[in-house]
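Beneath this line is the structure, given in structure tokens, with notes to follow.
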Amino acid sequence: DLCETRMEGQNCIYFSALINADGVDGFTISGPGTIDGNGHTVTVSAPVFEHFGGTMKNLIIAGSVDDSAKEGLHTGTVARHIPVGSKAVFENVKNIAAVKGVLKDFNAASPKGEGYDYRAGAGGLVGLCEGSVEITGCTNTADINGFAAGGFIGTTEGGFDEAPTIVIKNSVNTGKISDTGTTKTKNN
Numbered sequence: 078d079l080c081e082t083r084m085e086g087q088n089c090i091y092f093s094a095l096i097n098a099d100g101v102d103g104f105t106i107s108g109p110g111t112i113d114g115n116g117h118t119v120t121v122s123a124p125v126f127e128h129f130g131g132t133m134k135n136l137i138i139a140g141s142v143d144d145s146a147k148e149g150l151h152t153g154t155v156a157r158h159i160p161v162g163s164k165a166v167f168e169n170v171k172n173i174a175a176v177k178g179v180l181k182d183f184n185a186a187s188p189k190g191e192g193y194d195y196r197a198g199a200g201g202l203v204g205l206c207e208g209s210v211e212i213t214g215c216t217n218t219a220d221i222n223g224f225a226a227g228g229f230i231g232t233t234e235g236g237f238d239e240a241p242t243i244v245i246k247n248s249v250n251t252g253k254i255s256d257t258g259t260t261k262t263k264n265n
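If you read the sequence shown in this note's numbering, its first letter stands for residue 78, the second for the next number, and so on.
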């Protein structure tokens with residue numbers, strides 16, 4: 078349920094908390110649950126979830142997310158990541174919150190221990206999708222800037238052993254997608 082609350086000195090409509098996870102890194106909510114915004118607007122200043130699986134529908138996302146100084150993090154208004162084996166469904170979600178993602182590539186270790194150059198994703202809804210996602214009747218009107226940027230999803234990756242499944246239907250992006258200010262050291 079959504080309720081009126083006060084955050085950062087402003088009155089706003091936000092999800093009523095069953096769990097207070099303020100300041101907890103890596104907090105995950107996943108499973109078959111549904112977040113139904115009933116047409117309300119939620120204002121964000123960071124991704125709502127670290128990892129997401131479930132359904133989000135009938136929601137307007139406002140505010141802005143600026144993770145441009147956070148090396149190696151994927152970013153989006155809803156979640157940084159849809160993990161392998163998870164399914165996210167977005168129905169009638171409108172994003173009007175600008176997203177600024179990481180502006181340079183970085184080196185990460187694969188599960189086998191080898192290093193590889195990596196691009197962090199910046200998306201209107203999700204930074205990185207390794208699982209499956211269905212986006213239906215959604216809109217992004219916000220500007221998205223980052224190393225690997227997209228209107229709904231910043232980047233995808235197969236999780237080293239399986240490819241993500243992405244279905245986008247009856248959805249539109251009118252926001253500006255750019256990589257302004259990025260430092261690309263390799264063409265990966």
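Think of the CB as a built atom: it goes at the ideal place given N, C-alpha and C, for glycine as much as any other residue.
Sorted by chain position, which residues of the same chain lie with C-beta nearer than 7 Å to Asp144's C-beta, five sequence neighbours on each side aside? For the purposes of this step, residue 144 is taken as residue 67 along the sequence shown, with counting starting at 1. Result list for Asp144: Leu150, Thr152, Lys177, Gly178 and Val179, in chain order.
Thr257 classed as buried or exposed, judged by whether at least 16 other C-beta atoms fall within 10 angstroms: Residue 257 sits at position 180 when you count from the first residue of the sequence shown. Looking at its Cβ environment, which holds fewer than 16 other Cβ atoms inside 10 Å, Thr257 is exposed.
Residue closest to Phe129, alpha-carbon to alpha-carbon, out of Glu239, Ser248, Thr218 and Glu207: Position 52 of the sequence shown, counted from the start, is the residue given in the question as residue 129. Out of Glu239, Ser248, Thr218 and Glu207, Glu207 has the C-alpha closest to the C-alpha of Phe129.
CB contact flag (Asn222, Asn250, <8 Å): Taking the first residue of the sequence shown as position 1, residue 222 is located at position 145. Taking the first residue of the sequence shown as position 1, residue 250 is located at position 173. Against a cut-off of 8 Å, the Cβ pair of Asn250 and Asn222 comes out as no contact.
Using only alpha-carbon positions, find the residue among Ile138, Thr132, Glu127 and Ala240 that is nearest to Val119. As a first step, residue 119 is located in the sequence shown; it is residue number 42 there, counting from the start. Here the closest residue by C-alpha is Ile138.
Residues bridged to Lys246 (per DSSP): Translated into positions along the sequence shown, residue 246 becomes position 169. BP columns for Lys246 point to Thr213.
Rounded straight-line distance, which links the Cα of Ala175 to that of Ile212: Working through the sequence shown from its first residue, we reach residue 212 at position 135. Working through the sequence shown from its first residue, we reach residue 175 at position 98. Rounded to the nearest angstrom, the two C-alpha atoms are 19 Å apart.
Excluding the five sequence neighbours on either side, which residues of its own chain have a C-beta within less than 7 Å of the C-beta of Asp113, listed in chain order? Taking the sequence shown and counting its residues from 1, one reaches residue 113 at position 36. So the qualifying residues of the chain are Lys134 and Asn135.
Please give me, in chain order, every unbroken run of the beta strand (DSSP E) with length at least 3 that falls completely inside the segment 150-179. 156-159, 164-172 and 175-177
Look at the alpha carbon of Pro124 and the alpha carbon of Ala156, and state the distance between them as a whole number of angstroms. One-based indexing of the sequence shown puts residue 124 at position 47. One-based indexing of the sequence shown puts residue 156 at position 79. Roughly 5 Å separates the two Cα atoms.
If you compare alpha carbons, which of Gly110, Glu168, Gly116 and Ala197 is closest to Asn247? Against the sequence shown, residue 247 aligns to sequence position 170. Considering only alpha carbons, the answer is Glu168.
Which stretch, first to last residue, makes up the beta strand (DSSP E) that contains Ala225? For this step, residue 225 is matched to residue 148 along the sequence shown. Start and end: Ala225 to Gly227.
Within 8 Å, strictly: CB atoms of Ile254 and Gly227: Taking the first residue of the sequence shown as 1, we reach residue 254 at position 177. Taking the first residue of the sequence shown as 1, we reach residue 227 at position 150. In contact: Ile254 and Gly227 (Cβ atoms closer than 8 Å).
If you follow the beta strand (DSSP E) that Lys134 is in, where does it begin and where does it stop? In the sequence shown, counting from the first residue as 1, residue 134 sits at position 57. Lys134 -> beta strand (DSSP E) spans Gly131 to Asp143.
Can you tell me whether DSSP reads Thr120 as helix, strand or coil? Walking along the sequence shown from the start, residue 120 turns up at place 43. Residue state, collapsed to three classes: strand.
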